[in-house]
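In what follows, a structure is listed as structure tokens, so that the remarks can point back to it.
2 protein chains.
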Amino acid sequence: QILSERLGKGSKTVDLELEAKIEILRDTKRKYENLLALSKVLANHFTNIIQTQKVLGEAFAELSAKSQELQEEFRYNAETQHVLSKNGEKLLTAINFFISGVTTLCSKTMDDSLLTVKRYEASRLEFDAYRNDLEMLNLAPRTEANILKLATAQTAFNTNKAMYDKLRSDVTVKLQFLDENRVKVMQKQLLLFHNAISAYFAGNQHELDAT
Amino acid sequence: QILSERLGKGSKTVDLELEAKIEILRDTKRKYENLLALSKVLANHFTNIIQTQKVLGEAFAELSAKSQELQEEFRYNAETQHVLSKNGEKLLTAINFFISGVTTLCSKTMDDSLLTVKRYEASRLEFDAYRNDLEMLNLAPRTEANILKLATAQTAFNTNKAMYDKLRSDVTVKLQFLDENRVKVMQKQLLLFHNAISAYFAGNQHELDAT
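Note that the protein sequences, when read in sequence, are chains P and U. Sequential numbering from 23 applies to the first sequence in full-length UniProt numbering. Sequential numbering from 23 applies to the second sequence in full-length UniProt numbering.
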């Protein structure tokens with residue numbers, strides 16, 4: 023069936039609405055995975071920043087202890103870097119929570135639906151093969167052998183149609199649930215991500231005013 | 023003279039106070055260079071952060087345009103990353119200004135003083151060699167040849183003592199000026215560095231409140 027479809031022979035069952043939804047899912051997954059990759063890069067760079075701020079804070083503190091005439095100037099810079107690295111850890115935790123949430127959505131929830139999609143696509147292929155067989159036999163002369171073959175083909179067609187219909191319905195239901203779940207998860211994650219960043223800047227500003 | 027000093031023979035002129043000041047300068051330079059290296063690492067990581075925030079902001083914006091049900095959530099995250107990368111550029115400029123100021127202090131101002139220190143140290147070595155020559159001749163029997171040698175040695179001693187005294191005074195004056203300059207430069211740079219960071223966080227908090 024794959025071969026005859028590739029050669030443009032044999033007809034193909036197409037559920038345009040469902041196909042479109044599957045394509046949207048695959049596209050959404052690609053986009054979220056891109057978001058994930060960028061968030062991981064951000065978390066990575068941010069880890070480096072926090073590490074550097076820690077060491078820089080210590081260097082400023084040491085210079086503050088050893089330079090009488092610049093004690094104060096080195097001190098407030100030491101405190102600044104200390105505050106930033108401390109609050110940075112909290113933001114990093116939040117970024118990692120976002121990464122973990124979106125990873126689960128992509129690698130578990132979406133992949134689970136895409137597995138059902140794959141089974142549905144395989145079943146569509148089998149169903150079309152049996153459907154095309156049946157159609158050919160229907161056009162063949164009604165010899166006794168062909169009538170027997172027709173009965174077998176009809177049974178196979180019925181079984182595969184039931185399986186295909188079942189999987190198509192499964193996919194439709196799964197995609198519906200997935201979409202509701204995705205919106206709920208992303209609404210929460212995107213809000214937390216934004217709030218964590220706002221809290222980081224507000225907290226830093228508040229504490230820096232005291233240095 | 024280097025050789026006899028290494029072997030523990032021949033006396034050595036030592037200005038304890040000046041030697042201590044020179045040692046402090048070398049130590050301060052090492053510490054500031056460490057600060058510089060850390061600031062450059064910070065600037066580097068921060069450049070990476072800004073780049074990632076830009077790309078992440080664009081990814082959020084694209085998702086906002088294409089996801090009706092999460093338009094708002096993606097939008098405010100796009101704006102957040104946009105604000106952060108924009109204000110980050112300003113902070114990066116300030117960090118680079120700090121780096122440039124401290125680099126000038128270390129590589130030009132301090133190095134200039136250390137060059138005078140090196141010339142002073144070389145002149146001290148030469149002066150001590152002529153001084154030890156003169157002392158040896160003073161202990162030698164007063165033959166006519168030795169009296170002639172003594173006169174030559176005395177002239178060489180006087181010339182080199184004058185040179186050594188001049189360079190010692192040069193170093194003393196340079197170190198004094200350098201110290202005043204260093205404190206002035208670092209006071210300014212450390213204040214600007216701290217204020218730039220505070221401004222970055224205050225500005226971000228202010229703009230994030232609007233997202």
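Here a beta-carbon is modelled for each residue, glycine too, at the ideal position from N, C-alpha and C. From a predicted model like this one, the values you see are computed outputs, not experimental measurements.
The three-state reading of DSSP puts U:ALA232 in coil, since its state is none of H, G, I, E or B. Each residue's CA atom was taken as its position, placing U:GLN227 and P:ASP192 some 47 angstroms apart. In summary, the residues of the region 86 to 111 of chain P whose CB is separated from some CB of chain U by less than 7 angstroms are GLU91, LEU92, GLU95, PHE96, TYR98, ASN99 and THR102, in the order they occur in the chain. For the 7 angstroms CB-CB criterion, P:ASN182 and P:TYR152 form a contact. Against chain U, the beta carbon of P:GLN227 has neighbours under 7 angstroms at PHE223, ALA224 and GLN227, listed in chain order.
Interface criterion not met: the Cβ of U:GLN23 is under 7 angstroms from no Cβ in chain P. With a cutoff of 7 angstroms on beta-carbon distance, P:GLU45 and P:LYS34 are scored as not near each other. Put simply, the CB of P:VAL63 is near chain U, with a gap under 7 angstroms to one of its CB atoms. Scanning chain P for C-beta atoms nearer than 7 angstroms to the C-beta of U:VAL77 yields LEU60, reported in chain order. Taking C-beta atoms under 8 angstroms as the contact rule, U:PHE120 and U:LEU214 qualify, at a distance of about 7 angstroms.
A direct Cα-to-Cα measurement between P:ALA59 and U:GLY225 gives close to 28 angstroms. Chain-ordered, the chain P residues with CB closer than 9 angstroms to the CB of U:LEU230 read HIS216, ILE219, SER220, PHE223 and ALA224.
For the pair P:THR138 and P:LEU29, the Cα-to-Cα distance works out to about 27 angstroms. A Cβ-Cβ contact shorter than 7 angstroms links P:TYR98 with U:HIS216.
DSSP, reduced to helix, strand and coil, places U:ARG141 within a helical segment of the structure shown. Rounded to whole angstroms, P:MET158 and P:GLU55 show a C-alpha spacing of 45 angstroms. For U:GLN23, the secondary structure class from DSSP, reduced to helix, strand or coil, is coil.
In the DSSP assignment, P:SER61 falls within the alpha helix (DSSP H) that extends over 38 to 88. Ranked by how close their Cα comes to the Cα of U:GLY32, the residues U:LEU40, U:GLN23 and U:LEU38 have U:GLN23 in first place. Contact of U:MET185 with chain P by beta-carbon distance below 9 angstroms is absent, the smallest such distance being about 33 angstroms.
In this structure, the alpha-carbon of U:GLU91 lies about 10 angstroms from that of U:LEU85. Per DSSP, P:LEU106 is one residue of the alpha helix (DSSP H) stretching across 93 to 126. Taking a C-beta cut-off of 7 angstroms against chain P, the contacting residues of the region 197 to 208 of chain U are VAL205 and MET208, listed in chain order.
Ranking P:LEU156, P:ASP201 and P:ALA65 by CA distance to the CA of P:LYS43 puts P:ASP201 first. Close CB contacts of P:LYS171 within its chain, under the 7 angstroms cut and outside five residues either way in sequence, are with LEU159 (chain order). At a cut-off of 7 angstroms between beta-carbon atoms, P:ASN70 makes contact with chain U.
Taking the Cβ atoms as the reference, P:VAL207 lies roughly 6 angstroms from P:GLY123, within the contact range of under 8 angstroms. The beta carbons of U:GLU95 and P:GLN103 sit no closer together than 7 angstroms.
Around the CB of U:LEU113, 16 or more other CB atoms lie within 10 Å, so the residue is classed as buried.
The DSSP-derived three-state label of P:LEU29 is coil.
U:GLU111 sits exposed, since fewer than 16 C-beta atoms from the chains shown fall within 10 Å of its C-beta. Taking every protein chain shown into account, the CB of P:ALA162 has fewer than 16 other CB atoms within 10 angstroms, so this residue is exposed.
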